[in-house]
Amino acid sequence: MSRQWLKVHLVWLAFLAAGIILSSVPLFVPEGYRLRLLALVFMWVALSGCWNLMSGYTGYIDFGPVAYFGVGSYSTAILMLKGGVPFLPSIFLSGLICAVLSLAIGLPTLRLQGAYFAIATFAVAEALKQGILEGDRLIGLEFFGGAHGLTLPPPPSEAYFYYLMLFFMGLVVGLTALLEKSKFGYGLRAIREAEQAAELSGVPTLKIKIKAYVLSSSLIGCLGGVEAYWLTYIIPDDVFNVLRTIQMVIMTLLGGMGTVLGPVIGASFLTLVSEYLGAKFVYDYLIFVGAVIIVVILLLPRGIMGTLWQGQRWNR
Amino acid sequence: MLLFLQALINGLLLGGIYASCSAGFSLAFGVMGVVNLSHGDFVMLGAFLTYWLFVLFGLNPFLALLPTLGFLFFLGFFIQRLAINRLVGAPPIMSYLLTFGLHLVLSNLALRIWTADYRALKTSYTGLTLNLGGLVFPYSRLATFALAMIMILGLYVLLYRMETGRAIRAVAQDREMARLMGVNILRIYALTFALAAGITGLAGGLISHTYVIYPQMGLQFTITAFCVVVLGGMGYIPGTLWGGIILGVLESLTTTYLTAGLSMALTFFLLLMMLILRPRGIFGKGVVEEI
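Chains as they are written, first to last, in this note's numbering: chain A, 20 to 335; chain B, 4 to 294.
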């Protein structure tokens, strides 16, 4: 019994241990750059984890997750500034708003396939960005702040955001691990492998896709809210920046799509590389990232995790 | 009324350029199912090549279009041979990601080499216009529009009236069957992608005659190509002409009567509606990807 028990629970014990170790970091590391960098790594792990949950498992490539990041940022900012709502309820409500929005967007777009879904989600994100940029002029009110954006109230300590990002990272990674082994997770992978066959075998594909999309989008919305308060200043060109989408995709791809640890590895690696390389040589960093993508696609299309686990190339 | 007509003409001239920039995108998708996210960077490369040939060697920008076409043709051929051919039969996401990586490399290399400066081609005839009853037709835009139309016509003739075009269309319709009929698939793929890159570079060269160019302009043209091609029907070449013109006129009208920023939002809204309601394009002749 004990061996079997250990095998099943080892993953969760490791997860718990990592949580305890990471939670105690602020006790030893003083506030400042390092703590901030770690929180940034957690945020990107969580964001690419959300993308992985939807796109990595279903194979439906979402090119517009940044839409929910931006909407989450803006709704948190507006709730706090105009509604006087405290921060934590604000991010919760932002998650809810993104859930409703993603349901409305997912219902028509998730019927599209392949490139069409990717283009449609991309269009949604760009249209929302332009809408918020021009929104004030249309309704004739000072609401979104146009291209100047919004300034949020001063945030609490760095450690506060460290724990918040850690919580979201743990939530996303834990959820992915939990869902991977569930009926829902098998449904998602069935969609990726052969959607029609899955549908014929009685998997409610559209329903499952929408559930995964809404879950991933609302979590991204919460993270957008957290980042808005963390940085205290948001503009449409930043929170809706297509580069954010790209980062989520690439981090997941590098680590391995459709694996629990893929986004953790990919996001940690690329965030640290971008921090050390990107600060000094922005363009070199992007050239490097582009080259990494090309090499990964041509040589290890399953990503680092997938290659370690399965040690084979796709050949279909 | 005059304002409306002028906006319509501007939109039409813009639409021709859009169509010429998007034809290659449609071709690559229709034949190989490759969504080329580095498409816009071929436009950028074409534009810069024409610009430098003019600035450094004093080559007439219209004559410079020919070496531009040739260079991009070979670049496309090598990219196809070295990278994209390896992805034939792989899940479609692989081609998006690969071409996206290519986009990052090309656009940021260009930024490193040429800096983020905006550049414009200035010739002796740059500012000249033709006035017709109060309506303004800039000569250079008229000329680029005419060349864009000739280019699309040429592509149409190649695809629908020539043997190579028949082979390309056969591969697009049914890869296995075409192979059985003795068509060399990989050669056709390399040729198609080279052709797509070549005409895209040519269109970029045309753009450099009338618009400012900068290394990061590519992504914008990739997005435009998406919209145009979805409007006209993915993979249906004559559709790109109409898609481009609709998009150009729409943009010109919203910029004239509303604001420039909103024209983007409207474009994306139109794109989304098309995808949901008529994914095969306005004529219903596009292909819908099967996964």
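Yeah, the Cβ is synthetic: ideal placement off N, Cα and C, and Gly gets one too.
The three-state secondary structure of residue 223(A), taken from DSSP, is coil.
Around the C-beta of residue 167(A), fewer than 16 other C-beta atoms lie within 10 Å, and the residue is accordingly described as exposed.
Short of 6 Å from the beta carbon of residue 78(A), and not among the five residues preceding or following it, lie these beta carbons of its own chain, in chain order: 211. Taking all protein chains in view, the Cβ of residue 184(B) is surrounded by fewer than 16 other Cβ atoms within 10 Å, so the residue is classified as exposed.
In the assembly as shown, residue 131(B) is an exposed residue. Its beta-carbon has fewer than 16 other beta-carbons within 10 Å. Residue 290(A) places its beta carbon less than 8 Å from that of residue 59(A).
With respect to the 8 Å criterion, residue 72(B) and residue 207(B) are not classified as neighbours on the basis of their beta carbons. Residue pairing by DSSP places residue 122(B) opposite 216(B) in a beta bridge. Close to residue 127(A), with beta-carbon spacing below 7 Å, are these residues of chain B in chain order: 279.
Under the 10 Å beta carbon count, residue 102(A) is surrounded by fewer than 16 other beta carbons and is classified as exposed. Within the DSSP bridge table, the entry for residue 54(B) names no partner. About 6 Å separates the CB atoms of residue 242(B) and residue 288(B); that is less than 8 Å, so the two are in contact. The C-beta distance from residue 56(A) to residue 294(A) rounds to 6 Å, short enough to fall under 8 Å. Taking CB atoms only, residue 86(B) has a neighbour in chain A less than 8 Å away. For residue 65(B), the three-state secondary structure derived from DSSP is coil. Apart from sequence neighbours up to five positions away, the residues of its chain that approach residue 251(B) with a beta-carbon distance below 6 Å are 14, 17, 18, 21, ordered along the chain.
Within 8 Å of the CB of residue 262(B), the CB atoms of chain A belong to 153, 156, in sequence order along the chain. Taking 8 Å as the CB threshold, residue 292(A) stays off the interface with chain B. Straight across, the Cα-Cα distance linking residue 252(A) with residue 97(A) is about 12 Å. Residue pairing of residue 252(A) in beta bridges, as defined by DSSP: 170(A). The beta carbon of residue 239(A) sits closer than 6 Å to the beta carbons of 69, 84, 87, 88 from its chain, once the five residues preceding and following it are set aside; these are given in chain order.
Using beta-carbon distances, residue 141(B) does not count as an interface residue toward chain A, since no partner is under 8 Å. Taking a 10 Å sphere around the C-beta of residue 184(A), we find 16 or more other C-beta atoms and assign the residue as buried.
Relative to residue 46(A), the option among 182(A), 140(A), 33(A) whose CA is nearest is 182(A). Across the set 31(A), 63(A), 120(A), the C-alpha of 120(A) shows the shortest separation from the C-alpha of residue 91(A). Interface with chain B (8 Å Cβ-Cβ cutoff): residue 145(A) is included. Here residue 233(A) is buried, its C-beta having at least 16 other C-beta atoms within 10 Å. Residue 193(A) is not a Cβ neighbour of residue 82(A), given a cutoff of 8 Å. Residue 212(B) counts as buried, since at least 16 other C-beta atoms from the protein chains shown sit within 10 angstroms of its C-beta. Taking C-beta separations shorter than 7 Å and ignoring five residues to either side along the sequence, residue 96(B) has no partners in its chain.
Contact note: residue 85(A) does not reach chain B at a C-beta cutoff of 9 Å; the least C-beta distance is about 14 Å. For residue 140(B), the enclosing beta strand (DSSP E) has its first and last residue at 138-141. Taking a contact to require three or more Cβ pairs closer than 8 Å, the segment 26-36 of chain B and the segment 223-241 of chain B qualify as touching. Looking at the DSSP output, residue 134(B) sits in a beta bridge with 139(B). Chain order gives no chain B residues near residue 284(A), where near means a beta carbon separation below 8 Å; the closest approach is about 17 Å. A direct Cα-Cα distance of roughly 4 Å separates residue 281(A) from residue 275(A).
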